[in-house]
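At position 50 of the sequence shown the residue is numbered 49 (numbering that gives the first Met the number 0), and the sequence of numbers has no breaks.
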Amino acid sequence: MNNCVFCGIAAGKIPSQKVFEDDSVIAFKDLSPQAPVHVLIVPKKHIQSVAQFQAEDKELAAHIFVDVAPKLAAQLGISDGGFRLIVNTGDDGGQTVPHLHVHLLGGRKMTWPPG
Ligand code: 5GP
Ligand code: ZN
């Protein structure tokens, strides 16, 4: 989608510190890390948020959570200690970039609730 920063990163037009890429997903370091490890897992397809998921996106959603997130956590060394996945959705959910992304955070003890 035009003017979408994460579409730009997925297309390689905007630089990022990439940690993983396959046919449907890219993962890169967050610009403003909130933990020692903080990456964003982003579908290459422009989907605004979880609220815009379609039935056809089931495989992609499963791929992100079943295949990519746990493997990436292990690869980044935060699997044993534990990690946090966050999907902010819409204004009240704290979403600032309107292209679906899963935050993967770890490397320190997380607090709850997030506020
Ligand atoms: P949200 O609040 O939408 O869930 O999170 C958006 C995240 O994207 C924020 O943590 C922010 O630091 C990150 N971010 C925004 N723009 C860029 C960018 O151009 N590059 C990278 N690597 N991260 C970005
Ligand atoms: Zn996009």
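We treat Cβ as the ideally placed atom computed from N, Cα and C, and that holds for glycine.
- A distance of 8 Å or more separates the beta carbons of F19 and L59.
- Taking the CA atoms as reference points, L30 sits about 21 Å from M0.
- Measuring C-alpha to C-alpha distances from H98 to each of K28, V41, T110 identifies V41 as the nearest.
- Across the structure, V67 and F5 are spaced so that their CA atoms are roughly 18 Å apart.
- Closest in alpha carbon position to G106, among I25, D22, P35, E55, is P35.
- For the pair G11 and S48, the CB atoms are not nearer than the 8 Å cut-off.
- Take A50, set aside five residues on each side of it, and the residues of its chain with a beta-carbon closer than 7 Å to its own are T88, G89, in chain order.
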